[in-house]
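Residues 7 to 422 in our numbering are what the sequence shown spells out, letter by letter.
Okay, structure first, notes after.
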Amino acid sequence: MEKRLLRYNKTYLLILLALVTVAFAVMSYNRGMRADVNGDYYIYWQTGLHFWSGEKIYTPGLIDGGFTYPPFAALFFSVFSVFPFHTSAFLYSFIVNYGLWIASFVLIRKIFKELYPTQDFTWPITLALLFSIAFYWHNFIWMNANMPVLCLTLLGIYYYIKKQFTWSYVFWMAATFFKITPILFLFFAAIKRGPKDWSKIILTALPFVIIPALLRGLPTGINDWKDYYQAFVAPFSKGQIDENIISLGVPALLNKLNTGNAEIGYAPVLHLSAHALKLIILSFQLLAMGALTIKFAYDRYVRKIEDFSTADFCLIFLIPLLLPGRVWAHHHVCTSFIYTYLFYILLKQKRTALLIVTCFLCLLLNVITKDVIGQTLTDVLRHYSIVTLVMLFVSALIIALREHDELGRIPDQAVN
């Protein structure tokens with residue numbers, strides 16, 4: 007009876023997936039045909055063209071609007087640039103921002119089944135799917151480029167927990183050379199695995215540096231890295247913060263609290279000098295990074311633990327959502343992984359009150375639009391970076407509940 011019910015459930019799930027796929031194929035076509043030269047995807051498509059033509063792919067000095075990914079990402083986009091712009095936009099929307107949406111949850115399910123083979127993750131993954139939908143939709147509708155990074159990072163996690171470390175480093179390195187932030191996984195893996203793996207990690211970087219440079223021509227390839235540094239790395243390494251009501255992350259939140267927003271009538275709250283604000287932001291960044299680095303070093307050299315816990319992976323994912331000067335809503339697709347773990351431990355530990363509060367907050371993040379909650383409330387939530395505040399809340403929950411979870415995982419690890 008149970009096998010028959012399971013077979014029916016799988017059949018219905020496949021039918022639902024087929025219907026959703028057809029719907030997204032239609033939406034992808036409409037989105038691709040309506041794509042214009044003012045969107046992010048035109049920048050990606052044009053960069054792909056320039057990759058093969060030998061033209062510059064970076065424009066240092068732009069406050070916004072230029073290509074800000076490493077040269078390996080330009081090589082990736084060159085695959086889509088062989089098609090006319092609107093056809094390319096359709097294919098990108100469907101294959102990348104829908105296809106990898108599905109793939110990311112397949113990978114998340116595989117990861118959690120590997121970590122907790124005796125546990126049922128139907129509810130945690132379902133809740134994660136529902137409450138992360140706004141961030142995925144943001145990537146789909148605006149044709150952003152976070153899905154390849156997420157899936158490469160998840161593949162790195164999967165192979166790390168399978169102890170196939172070389173493949174793990176390859177996928178994390180690919181994600182890093184697509185978008186710099188996944189370098190955190192490599193940095194912390196270097197601490198966890200120790201000096202024996204340092205040369206391996208370094209060597210996996212070479213193809214992602216050399217191949218784009220050779221395809222572009224060595225002099226042009228070297229200049230690409232110089233331009234990338236000037237266009238993106240240099241401004242944000244000096245403390246640049248995106249000043250926009252929809253900017254997220256702790257630096258942007260503190261900056262908005264310090265400057266207010268005259269356009270919508272919000273006065274400053276903090277009244278700090280520019281130097282004091284920068285010092286507070288830098289202190290927070292160093293404290294967060296330092297604490298996590300010390301924690302992993304302690305695990306490795308005192309506790310002799312080379313594995314990451316699931317909570318560790320979540321905290322690494324959260325760093326790029328909280329610390330940088332440039333964070334947007336579409337960067338939060340990794341909440342699919344974070345939420346899966348969070349809802350798992352809340353359900354497992356029967357934290358009913360916390361579960362209800364968390365569900366409410368996560369639901370709120372999906373309705374921050376004037377069409378649903380009105381312009382005034384939308385402005386309030388955006389100005390006070392509600393997404394960042396919820397991510398801080400999620401971080402606190404994971405830190406507070408993680409020890410109980412790690413103790414509870416011992417039987418599952420024994421099954422392996």
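Backbone N, C-alpha and C fix where the C-beta goes; we use that ideal spot for every residue, glycine too.
In the DSSP annotation of this structure, the continuous segment of the alpha helix (DSSP H) that includes glycine 227 starts and ends at 224–234. Beta-bridge analysis with DSSP links tyrosine 175 to no other residue.
Remark: C-beta atoms of isoleucine 247 and histidine 389 do not approach each other more closely than 8 angstroms. In the displayed model, tyrosine 122 falls within coil according to three-state DSSP, outside both helix and strand.
With a cutoff of 8 angstroms on beta-carbon distance, proline 201 and glycine 255 are scored as not near each other. The region 104–119 and the region 294–305 do not touch, with fewer than three beta-carbon pairs separated by less than 8 angstroms. Closest in alpha carbon position to leucine 224, among Tyr35, Thr187, Gly60 and Ile405, is Gly60.
Of the residues Asn150, Lys168 and Cys157, the one whose Cα lies closest to the Cα of proline 123 is Lys168. DSSP places asparagine 267 within a strand segment (E or B) once states are collapsed to three. Ranked by Cα distance from phenylalanine 242, the options Ile251, Asp230 and Pro257 are led by Pro257.
The DSSP-derived three-state label of tyrosine 390 is coil.
Under the three-pair Cβ rule at 8 angstroms, the region 35–53 counts as touching the region 96–116. The beta carbon of threonine 159 lies closer than 6 angstroms to those of Ala181 and Pro188 in the same chain, with the five residues before and after it left out.
Taking C-alpha positions only, phenylalanine 343 is separated from isoleucine 392 by approximately 20 angstroms. Straight across, the Cα-Cα distance linking leucine 260 with tyrosine 18 is about 47 angstroms.
Assigned with DSSP and collapsed to three states, tyrosine 64 falls in coil, not helix or strand. Counted as a single uninterrupted DSSP element, the alpha helix (DSSP H) harbouring asparagine 145 occupies residues 139–148.
Here serine 34 is buried, its C-beta having at least 16 other C-beta atoms within 10 Å. Taking all protein chains shown into account, tryptophan 129 has fewer than 16 neighbouring C-beta atoms within 10 Å of its C-beta and is therefore exposed. Under DSSP, the beta-bridge partners assigned to tyrosine 272 are Asn267. Less than 8 angstroms separates the beta-carbon of phenylalanine 184 from that of proline 154.
When secondary structure is reduced to three states using DSSP, valine 400 falls in the helix class. Contact between leucine 221 and leucine 361 does not hold, since their C-beta atoms are separated by about 50 angstroms, which reaches or exceeds 8 angstroms. Between the C-alpha atoms of asparagine 150 and phenylalanine 73 there is a straight-line separation of about 12 angstroms. One thing to note: isoleucine 252 has its Cβ within 8 angstroms of the Cβ of alanine 335. A straight-line Cα-Cα distance of about 20 angstroms links leucine 292 and phenylalanine 238. Taking the Cα positions, serine 289 is about 15 angstroms away from serine 279. Under the three-state reduction of DSSP, tyrosine 75 is assigned to coil, being neither helix nor strand. Bounds of the alpha helix (DSSP H) holding serine 94 are 91–97. Judged by DSSP secondary structure, tyrosine 50 falls within the alpha helix (DSSP H) whose first and last residues are 46–59. Shown here, serine 243 sits in a helix according to DSSP, grouped into three states. CA-to-CA, the gap between phenylalanine 314 and lysine 198 works out to about 8 angstroms. Around the beta-carbon of proline 76, 16 or more other beta-carbon atoms lie within 10 Å, marking it buried.
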